[in-house]
Amino acid sequence: RRGPGGGRALLAALLLLVCVWGRAAAERVRYAIPEELGRGSLVGPLARDLGLSVDELPARKLRLSEEKQYFRVNEENGNLYVNERLDREEMCGESATCSVSFEALVHNPLNIFHVEVAIEDVNDNSPVFSKSALDLEIGEWTVPGTRFPLEMAHDADVGSNSLLAYQLTSNPSFSLAMKDSPEGSKPELVLERALDREKQNSFELVLTAVDAGDPVRSGTVQIRVNVTDANDNAPLFAQDRYRVSLREDLPPGSAVLNLSASDADAGTNARITYGFGKMPMKALQKFMVDAESGSITLQEALDFEETSAFSLAVEAKDGGGLVAHSMVEVEVLDVNDNPPEITILSLSSPVPEDAPVGTVVALLKVRDRDSGDNGQVTCQLSGEAPLSIVASSGGSYKVVTSGALDREQASEHRVTVVARDRGRPALWSSTELVLEVSDVNDNAPEFEEAAYSAYVAENNAAGALVLRVQARDADAGANGRVSYWLAGGSAGAAGAAALVSVEARSGALYAQRSLDYEQCREFTVAVRAQDGGSPARSSTATVRVFVLDRNDNAPRVLWPAAAAGEGPGGAAAPPFEVVPRSAEAGYLVAKVVAVDADAGRNAWLSYELVQASEPALFRVGLHSGEVRTARAVGERDAAKQRVVAVVKDHGQPALSATATLHVVLAESLQEALPELSERPAGAEAAEAAAELQFYLVLALALLSALLVLSVALAVLARLRRA
Numbered sequence: 001r002r003g004p005g006g007g008r009a010l011l012a013a014l015l016l017l018v019c020v021w022g023r024a025a026a027e028r029v030r031y032a033i034p035e036e037l038g039r040g041s042l043v044g045p046l047a048r049d050l051g052l053s054v055d056e057l058p059a060r061k062l063r064l065s066e067e068k069q070y071f072r073v074n075e076e077n078g079n080l081y082v083n084e085r086l087d088r089e090e091m092c093g094e095s096a097t098c099s100v101s102f103e104a105l106v107h108n109p110l111n112i113f114h115v116e117v118a119i120e121d122v123n124d125n126s127p128v129f130s131k132s133a134l135d136l137e138i139g140e141w142t143v144p145g146t147r148f149p150l151e152m153a154h155d156a157d158v159g160s161n162s163l164l165a166y167q168l169t170s171n172p173s174f175s176l177a178m179k180d181s182p183e184g185s186k187p188e189l190v191l192e193r194a195l196d197r198e199k200q201n202s203f204e205l206v207l208t209a210v211d212a213g214d215p216v217r218s219g220t221v222q223i224r225v226n227v228t229d230a231n232d233n234a235p236l237f238a239q240d241r242y243r244v245s246l247r248e249d250l251p252p253g254s255a256v257l258n259l260s261a262s263d264a265d266a267g268t269n270a271r272i273t274y275g276f277g278k279m280p281m282k283a284l285q286k287f288m289v290d291a292e293s294g295s296i297t298l299q300e301a302l303d304f305e306e307t308s309a310f311s312l313a314v315e316a317k318d319g320g321g322l323v324a325h326s327m328v329e330v331e332v333l334d335v336n337d338n339p340p341e342i343t344i345l346s347l348s349s350p351v352p353e354d355a356p357v358g359t360v361v362a363l364l365k366v367r368d369r370d371s372g373d374n375g376q377v378t379c380q381l382s383g384e385a386p387l388s389i390v391a392s393s394g395g396s397y398k399v400v401t402s403g404a405l406d407r408e409q410a411s412e413h414r415v416t417v418v419a420r421d422r423g424r425p426a427l428w429s430s431t432e433l434v435l436e437v438s439d440v441n442d443n444a445p446e447f448e449e450a451a452y453s454a455y456v457a458e459n460n461a462a463g464a465l466v467l468r469v470q471a472r473d474a475d476a477g478a479n480g481r482v483s484y485w486l487a488g489g490s491a492g493a494a495g496a497a498a499l500v501s502v503e504a505r506s507g508a509l510y511a512q513r514s515l516d517y518e519q520c521r522e523f524t525v526a527v528r529a530q531d532g533g534s535p536a537r538s539s540t541a542t543v544r545v546f547v548l549d550r551n552d553n554a555p556r557v558l559w560p561a562a563a564a565g566e567g568p569g570g571a572a573a574p575p576f577e578v579v580p581r582s583a584e585a586g587y588l589v590a591k592v593v594a595v596d597a598d599a600g601r602n603a604w605l606s607y608e609l610v611q612a613s614e615p616a617l618f619r620v621g622l623h624s625g626e627v628r629t630a631r632a633v634g635e636r637d638a639a640k641q642r643v644v645a646v647v648k649d650h651g652q653p654a655l656s657a658t659a660t661l662h663v664v665l666a667e668s669l670q671e672a673l674p675e676l677s678e679r680p681a682g683a684e685a686a687e688a689a690a691e692l693q694f695y696l697v698l699a700l701a702l703l704s705a706l707l708v709l710s711v712a713l714a715v716l717a718r719l720r721r722a
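The opening residue of the sequence shown carries number 1 in full-length UniProt numbering; numbering runs sequentially from there.
Set out below in structure tokens:
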């Protein structure tokens, strides 16, 4: 396929010929390169033509979406290079134009560009004949001027590289003429003068086919002419050109066409056989012709997408060697036998839940190999998801967000892309897209309760659990990881911190020290729950802590006091009460007054007489603490009485205190003084003596003052009368 040194030089000169046609429309780039470029040859500065700088390339991730990797893009400079040797004839056959289209994808943001590289033909194929020699039989009766069609040479190149000219070796009996046809100029051998088999029964000529490329390439075939006896009528086809249309789903073995040719001769010269002339191998594989009947049948299944038309060169040859030629044009009709093909070019998953509406999450390429309405495709999404599909250019589609995403409601979305063509019946295909939604810190922690209540018994141990609060965050990962802090309270954050602490991870509140109900009955702290997002979100709950009372305080007697003054010798003198001997039952002697710092049942007090000089003489009110005479005071009752009462609370266990009351049975204080003076010289006697002395001095002072006042009033009255 490669020519001599001249062709190599031309090809080398074309290796660097790369031209950019520019953008035909937005997001489309075209290049043109010659075929046969070697691997690594430069096609063009793709990144620059897409408006990307070299510094942007790592972040934008420029890549190609070719099905066959004819090209590659350099990740460092963004240039487009040839990835494998390109053979235009192998890629596009005899098509007048040849190009490779693919998509270039860039990310951040996601976008798609359509790139088309035109492959220009290089004269790298020489004209070839299907046979090394052509055998012709010409009767000696053939008149000069008769023409004999010759086989056309085939050149795989296109354009000017495939334009053929024919040359024939010089011979006085023959010349070369050209005949125009839809297939091109066909060479014909022209008989210039009558043949005489007896003088010369054969001729050998050389036919040369030359193309118009630079450098010129050529191919030759030998023509062997055998001069025969007279067969003066060649076969004649009923039509110069046959046309037939076949559906591509026609089964092999089906009849295509029946050829018909006639010959005016008789005998063996009129016996006609049919066959194919020079045709591409692909056509010979698809069709066969019956030599006797001329019936053309289909050998292999047709495929419109592979080849849409065939040109069959048919021949009718009589027994004398004369041949007639005709063409059969076979048109292949498209049938909707190809479902749409869906290719996912790019999928951005996961996508953050705060992505704005219209964010591109996927790029799709949809192609249907059929033509016409059979190849027209529509796409839609099936499934409940805030997504929509938007058609782009060149059979591309974008899947974009059509609504707000919320990971807390749906962490992923599954949709089915359905592509359906317009054929009858319509064919369709589908593919599933799974889009994961990544979390954004858009939810603050929420406490199970806005306000908590906790009850703690006093005298608790330091570090005892008070309460466990819990907040939940609907976010995930660090955004949903909750930590707890004290945010303040009834005494502020510092005051609350002195009483309780909170464990950051679990939300458990612990007492910092032992609590005392009598000092603090309740307090309030504020607990803040904060997530680990950025920026962090938080919420606050109030915890009200009630301190429960324990019976840890014994009753305290306020009256009678334990010590009312200092007696002789430094001993405290107990208080005493004077009860007249005329007192009847129920006489109020005194009232024991006591208090309990506890609360509730722990502070309910009851009084009980536990000791008395005359147990039957006194009684104590159970709840009032009043000491009264239980009976009338008798003459025989001792003048000095000592009464001891116990004060108990109702706690568990109960705590108590005692009150001691000294009672003197006397009608008056003066009468009681001797009794008090007879008290032992102990602490009790000293206390009583001191108190009695105080009262005597006070009484004398009062009597003296009263006497002086009376005398003064009497003197004033007399002076007034005078």
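Ideal placement from N, C-alpha and C gives every residue a C-beta, glycine not left out.
Given that a residue counts as buried once 16 or more other Cβ atoms are within 10 Å of its Cβ, and exposed if not, what is ASP135?
-> Taking the first residue of the sequence shown as position 1, residue 135 is located at position 135. ASP135 should be labelled exposed.
Whose C-beta lies closer than 7 Å to the C-beta of ASP373 among residues of the same chain, with five residues either side of it excluded?
-> Here residue 373 corresponds to residue number 373 of the sequence shown, with the count starting at 1. So the list reads ARG422 and GLY423, once near-sequence residues are dropped.
Could you please give the first and the last residue of the uninterrupted alpha helix (DSSP H) stretch that includes CYS92?
-> In the sequence shown, counting from the first residue as 1, residue 92 sits at position 92. Per DSSP, CYS92 belongs to the alpha helix (DSSP H) from 88–92.
Which residue comes first and which comes last in the beta strand (DSSP E) that contains ASP135?
-> Numbered from 1 along the sequence shown, position 135 holds the residue referred to as residue 135. Run containing ASP135: 133–139, per the beta strand (DSSP E) assignment.
Ignore the nearest five residues each way along the sequence and tell me which others in THR273's own chain have a CB closer than 6 Å to its CB.
-> Position 273 of the sequence shown holds residue 273. If we look at THR273 and ignore the five residues flanking it on each side, its Cβ neighbours are ALA291 and LYS317.
For SER382, which residues of its own chain have a beta-carbon under 7 Å away from its beta-carbon, when the five flanking residues on both sides are left out?
-> For this step, residue 382 is matched to residue 382 along the sequence shown. In its chain, beyond the 5 residues on either side, VAL415, THR416 and VAL418 have a beta carbon closer than 7 Å to the beta carbon of SER382.
According to DSSP, which residues form a beta bridge with HIS413?
-> Your numbering for residue 413 matches position 413 in the sequence shown. Its beta-bridge partners are LEU435.
How long is the line joining the alpha carbons of SER534 and GLU384, rounded to whole angstroms?
-> Looking up residue 534 in the sequence shown gives position 534. Looking up residue 384 in the sequence shown gives position 384. For SER534 and GLU384, the distance between alpha carbons rounds to 31 Å.
Residue range of the unbroken alpha helix (DSSP H) whose run includes LEU57 = For the purposes of this step, residue 57 is taken as the residue at position 57 of the sequence shown. Start and end: 57–60.
Does the Cβ-Cβ distance between PRO144 and GLU192 come in under 7 Å?
-> For the purposes of this step, residue 144 is identified with residue 144 of the sequence shown, where counting begins at 1. For the purposes of this step, residue 192 is identified with residue 192 of the sequence shown, where counting begins at 1. Cβ distance < 7 Å, so PRO144 and GLU192 count as in contact.
Coarse secondary structure for PHE694, derived from DSSP in three states | In the sequence shown, counting from the first residue as 1, residue 694 sits at position 694. The DSSP-derived three-state label of PHE694 is helix.
Should the segment 277–289 be called in touch with the segment 97–105, which here means at least 3 C-beta pairs below 8 Å?
-> no
Sequence-distant residues of the same chain with beta carbon closer than 7 Å to ALA462, five excluded per side | Here residue 462 is taken as the residue at index 462 of the sequence shown, counted from 1. Answer for ALA462: ALA511, GLN512, ARG513 and SER514, listed in chain order.
In the DSSP assignment, find the beta strand (DSSP E) that holds ASP180 and state where it starts and stops.
-> Sequence index remark: in the sequence shown, residue 180 carries index 180 (1-based). 174–181 is the extent of the beta strand (DSSP E) around ASP180.
Leaving out the 5 sequence neighbours to the left and right, which residues in its chain are closer than 6 Å to ASP354 when beta-carbon positions are compared?
-> Start at 1 with the first residue of the sequence shown, and residue 354 comes out as number 354. Closer than 6 Å at Cβ, skipping near neighbours: VAL440.
Are the segment 579–589 and the segment 615–630 in contact at 8 Å, needing three or more beta carbon pairs?
-> yes
So is ASN161 buried or exposed if we call it buried at 16+ other beta carbons inside 10 Å?
-> As a position in the sequence shown, residue 161 is number 161, starting the count at 1. The residue in question, ASN161, is buried, as its Cβ has 16 or more Cβ neighbours within 10 Å.
Enumerated in chain order, which unbroken segments of the beta strand (DSSP E) with a length of 3 residues or greater are wholly contained in the UniProt domain "Cadherin" (65–129)?
-> 71–73, 80–82, 99–106 and 111–120
DSSP on ASP531, reduced to helix/strand/coil?
-> Residue numbering aside, residue 531 sits at position 531 when the sequence shown is read from its first letter. ASP531: strand per DSSP, three-state reduction.
Using the Cα positions of ARG556 and ALA471, report the straight-line distance between them to the nearest angstrom.
-> Taking the first residue of the sequence shown as 1, we reach residue 556 at position 556. Taking the first residue of the sequence shown as 1, we reach residue 471 at position 471. Cα-Cα distance, rounded: 47 Å.
Boundaries of the alpha helix (DSSP H) in which LEU46 is found, first to last residue | Residue 46 sits at position 46 when you count from the first residue of the sequence shown. Boundaries of the alpha helix (DSSP H) harbouring LEU46: 46–49, taken from the DSSP string.
Per DSSP, the bridge partner or partners of ILE389 = As a working note, residue 389 is residue 389 in the sequence shown. BP columns for ILE389 point to VAL399.
Of the residues SER181, GLU458 and VAL578, which one's Cα is nearest the Cα of HIS662?
-> Counted from its first residue, the sequence shown places residue 662 at position 662. Comparing Cα-Cα distances from HIS662 to each of SER181, GLU458 and VAL578, the minimum goes to VAL578.
Beta-bridge pairing of ASP265 - partner residues as DSSP gives them | Counting from 1 along the sequence shown, the entry for residue 265 is found at position 265. In DSSP, ASP265 forms no bridge with anything.
Any alpha helix (DSSP H) of 4 or more consecutive residues that is wholly inside the UniProt domain "Cadherin" (448–557) | Entirely contained in the UniProt domain "Cadherin" (448–557), the alpha helix (DSSP H) runs reaching 4 residues are, in chain order, 492–499.
Can you give the Cα-Cα distance for VAL547 and SER582, rounded to whole angstroms?
-> Walking along the sequence shown from the start, residue 547 turns up at place 547. Walking along the sequence shown from the start, residue 582 turns up at place 582. If you take the alpha carbons of VAL547 and SER582, they lie about 53 Å apart.
Just the Cα atoms here: how many angstroms apart are SER175 and LEU427?
-> Here residue 175 refers to the residue found at position 175 when the sequence shown is read from its first residue. Here residue 427 refers to the residue found at position 427 when the sequence shown is read from its first residue. Cα to Cα, SER175 sits roughly 59 Å from LEU427.
Closest by C-alpha distance to ALA212, when choosing among THR378, LEU168, LEU164 and LEU105 | As a first step, residue 212 is located in the sequence shown; it is residue number 212 there, counting from the start. When only C-alpha atoms are compared, the closest one is LEU164.
Can you tell which of PRO340, ILE223, VAL221 and PRO182 has its C-alpha closest to the C-alpha of LEU312?
-> Position 312 of the sequence shown, counting from 1, holds the residue named residue 312. With distances taken between Cα atoms, LEU312 lies closest to PRO182.
As assigned by DSSP and simplified to three states, the class of ALA654 = What you label residue 654 is simply residue 654 of the sequence shown in a count that begins at 1. Reduced to three states, the DSSP call for ALA654 is coil.
Cβ pair LEU609, ALA639 closer than 7 Å | Translated into positions along the sequence shown, residue 609 becomes position 609. Translated into positions along the sequence shown, residue 639 becomes position 639. No; because the gap between Cβ atoms is not below 7 Å, this pair is not in contact.
Taking 7 Å as the cut-off, decide whether the C-beta atoms of HIS107 and GLY394 are in contact.
-> Taking the first residue of the sequence shown as 1, we reach residue 107 at position 107. Taking the first residue of the sequence shown as 1, we reach residue 394 at position 394. No. Outside cutoff.
So, using beta-carbon positions, are PRO215 and VAL122 closer together than 7 Å?
-> The residue you call residue 215 lines up with position 215 of the sequence shown. The residue you call residue 122 lines up with position 122 of the sequence shown. No, they are not a contact pair.
For THR228, which of GLY139, ALA156, LEU150 and PHE310 has the nearest alpha-carbon?
-> For the purposes of this step, residue 228 is taken as residue 228 along the sequence shown, with counting starting at 1. When only C-alpha atoms are compared, the closest one is GLY139.
Can you tell me whether DSSP reads GLN299 as helix, strand or coil?
-> Within the sequence shown, numbered from 1, the residue matching residue 299 stands at position 299. DSSP places GLN299 in coil when its eight states are reduced to three.
Looking only at C-alpha atoms, which of LEU617, LEU622 and PRO580 sits nearest to ALA594?
-> In the sequence shown, residue 594 corresponds to position 594, counting from 1. Nearest of LEU617, LEU622 and PRO580 to ALA594, Cα basis: LEU622.
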